[in-house]
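Participant: These protein sequence lines are chains P and B, in that order.
Heads up: the first sequence begins at 1 in the numbering used here, then just goes up one per residue.
Heads up: the second sequence begins at 1 in the numbering used here, then just goes up one per residue.
A virtual CB, placed ideally from N, CA and C, is assigned to each residue, including glycine.
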Amino acid sequence: MISYFKRFTSPICMPYWYQDLLLLIPRVVCGYLLTSNFGSAKFGLPWSPADANLHFFEVAFWFPNDVAEYGGIFKLFPAFFAWSGAFSEAVGGIFLMLGLQTRLFSILICCTMLVAVFMQQWQNGLWNMLPALGFVWVALFYSVTGSGRFGLDYLLTKQK
Amino acid sequence: MIMKKLLTISAIFLMWMQFGCVQKTRNVTIQLNLRLAGMKNITQVGVRGNGKPLSWQKDLAMSPVIKDSLYTVTIHAITGYNFAELKFTVNGTMELDGMPNRRVDFKGAKSVTYNAVFNKP
């Protein structure tokens, strides 16, 4: 179990360090945008806008209503899906930036963004889907590679 | 035994996720009064904004108190926020083009009255 967890955490490193450095940029930018903007607007974090009146780890009141409108299983458990989606954006963004449990949070972010693309933005056309699609591609990439050399996963799992 | 504990913890967690983790809402009554100065032939006056029953796509119609001069609407909102952002429209044209939205603050209040003059921030 522990060795499986370690293998899941351990990143794939590029042949040269500068390649890992370049691949750090989309991870940090996307993580920052997710946690500072998209996520914190609907999930209570210390840097959520004060106007939003959100308590710590609380999901905004309007988000479960939006999620329920997707229908099906989302209508059955709107608060669960809304909280999970907002958590994966707001908290997942931090973990993505730090490169901590990168694969796990990339998968969560990828799932959340796929829901946003297909359930929320599909009728609004390709242009409106682009932000969520952008995060899908980034999260998909890091769900395969992990954090690379410049992340906490690397430090935690590197062989001594 | 471990399985039973795991199931109990999962059930509590799911219950909390379903009911306890959502921002609390409250009922707020907002009365909007809009004064129009020097305007004639007004067919429709409305308000747009964030949070139901307002919307940025569609007008919420306002009723005339004095035709072509004073219009009003009362909104019953269920919200978790302490403010609402809005703009007024006359004959489908939105006011304050390129300027910030109007902001109605209602922190700690159950009802609030907001008086405005069209196109004047």
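Roughly how many whole angstroms lie between the Cα atoms of Leu130(P) and Val136(P)?
Facilitator: So the alpha carbons of these two residues sit roughly 10 Å apart.
Participant: When we look at the beta-carbon of Pro11(P) and count the other beta-carbons within 10 Å, is it buried (16 or more) or exposed?
Facilitator: By the neighbour-count rule (16 or more Cβ atoms within 10 Å), Pro11(P) is buried.
Participant: Could you tell me which residues DSSP puts in a beta bridge with Val117(P)?
Facilitator: Looking at the DSSP assignment, Val117(P) forms no beta bridge with any residue, so it has no partner.
Participant: Take Thr35(P) as the anchor and find which of Leu23(P), Phe150(P), Glu69(P) and Ile94(P) has the nearest alpha-carbon.
Facilitator: When only C-alpha atoms are compared, the closest one is Ile94(P).
Participant: Starting from the C-beta of His76(B), find all residues in its chain whose C-beta is less than 7 Å away, skip the five residues before and the five after it, and write them out in chain order.
Facilitator: Excluding residues within five positions, the ones whose Cβ falls inside 7 Å are Asn27 and Thr29.
Participant: What does Ala132(P) touch in chain B if you count any residue whose Cβ is under 7 Å from its own?
Facilitator: Residues of chain B passing the Cβ test: none, with the nearest at roughly 20 Å.
Participant: Could you name the residues of chain B that Glu58(P) contacts, counting a contact when the two beta carbons are closer than 8 Å?
Facilitator: The answer, in chain order, is Cys21, Val22 and Gln23.
Participant: Ala79(P) and Val112(B) - do their beta-carbons sit closer together than 8 Å?
Facilitator: Not a contact, by the Cβ cut-off of 8 Å.
Participant: Apply the 10 Å Cβ neighbour rule to Arg103(B) and answer buried if 16 or more other Cβ atoms are within range, or exposed otherwise.
Facilitator: Answer is exposed; the Cβ neighbour count stays below 16.
Participant: Keeping to the same chain, check which residues put their C-beta closer than 7 Å to that of Gln121(P); ignore five residues upstream and five downstream.
Facilitator: These residues qualify, in order along the chain: Asn128, Met129 and Ala132.
Participant: What ranges does the alpha helix (DSSP H) occupy inside the stretch 13-48 of chain P, keeping only unbroken runs of at least 4 residues that lie completely in it?
Facilitator: Those alpha helix (DSSP H) runs which fall completely within the stretch 13-48 of chain P and span 4+ residues are 17-33.
Participant: Can you pull the chain P residues whose beta carbon is under 7 Å from the beta carbon of Tyr81(B), in chain order?
Facilitator: Simply Asp51, Ala52 and Asn53.
Participant: Alpha carbon to alpha carbon, what distance is there between Gln101(P) and Asp66(P)?
Facilitator: For Asp66(P) and Gln101(P), the distance between alpha carbons rounds to 29 Å.
Participant: Is Leu86(B) close to chain P? Criterion is C-beta to C-beta, closer than 8 Å.
Facilitator: Not closer than 8 Å to any Cβ of chain P, the Cβ of Leu86(B) fails to qualify, so no.
Participant: Mind listing the chain P neighbours of Leu14(B)? Cutoff is C-beta to C-beta under 8 Å, in chain order.
Facilitator: By Cβ distance, chain P contributes Phe80.
Participant: In angstroms with no decimal places, state the Cα-to-Cα distance between Lys67(B) and Pro53(B).
Facilitator: The alpha-carbon atoms of Lys67(B) and Pro53(B) are separated by roughly 24 Å.
Participant: For Lys75(P), which option in Met119(P), Leu155(P) and Cys30(P) has the closest C-alpha, if you only look at C-alpha atoms?
Facilitator: Closest option to Lys75(P), Cα to Cα, is Met119(P).
Participant: Taking the straight line between their C-alpha atoms, what separation do you get for Gly46(B) and Met39(B)?
Facilitator: Computed Cα separation, rounded: 15 Å.
Participant: Please classify Phe57(P): does DSSP put it in a helix, a strand, or coil?
Facilitator: It is coil, neither helix nor strand.
Participant: Starting from Tyr71(B), follow the beta strand (DSSP E) in both directions and report where the run begins and ends.
Facilitator: Run containing Tyr71(B): Leu70 to Thr79, per the beta strand (DSSP E) assignment.
Participant: Comparing the C-beta of Phe8(P) with each C-beta of chain B, is any distance below 8 Å?
Facilitator: Not an interface residue.
Participant: Given a cut-off of 8 Å, decide if Val65(B) and Thr72(B) are closer than it, judged by their beta-carbon atoms.
Facilitator: Yes, Cβ-Cβ distance for Thr72(B) and Val65(B) is below 8 Å.
Participant: Among Thr157(P), Gly31(P), Val91(P) and Lys42(P), whose alpha-carbon lies nearest the alpha-carbon of Tyr81(B)?
Facilitator: The option with the nearest alpha carbon to Tyr81(B) is Lys42(P).
Participant: Once you ignore the five residues that flank Ser88(P) on each side, which residues in its own chain have a CB closer than 6 Å to its CB?
Facilitator: Excluding positions up to five away in sequence, the list reads Leu108, Ile109 and Thr112.
Participant: Where does Thr145(P) fall in DSSP's three states?
Facilitator: In this structure, Thr145(P) counts as helix in the three-state DSSP scheme.
Participant: Would you verify that the beta carbon of Phe61(P) is, or is not, closer than 8 Å to some beta carbon of chain B?
Facilitator: For Phe61(P), the answer is yes, since a Cβ of chain B falls inside 8 Å of its Cβ.
Participant: Would you mind working out which of Asp97(B), Phe83(B) and Glu85(B) sits nearest Lys120(B), comparing C-alpha positions?
Facilitator: Checking every option, the nearest Cα to that of Lys120(B) belongs to Asp97(B).
Participant: Decide if Lys4(B) is buried, meaning its Cβ has at least 16 other Cβ atoms within 10 Å, or exposed.
Facilitator: Exposed.
Participant: Determine the chain B residues that contact Pro64(P) at a beta-carbon separation under 9 Å, and present them in chain order.
Facilitator: Here the neighbours are Val22.
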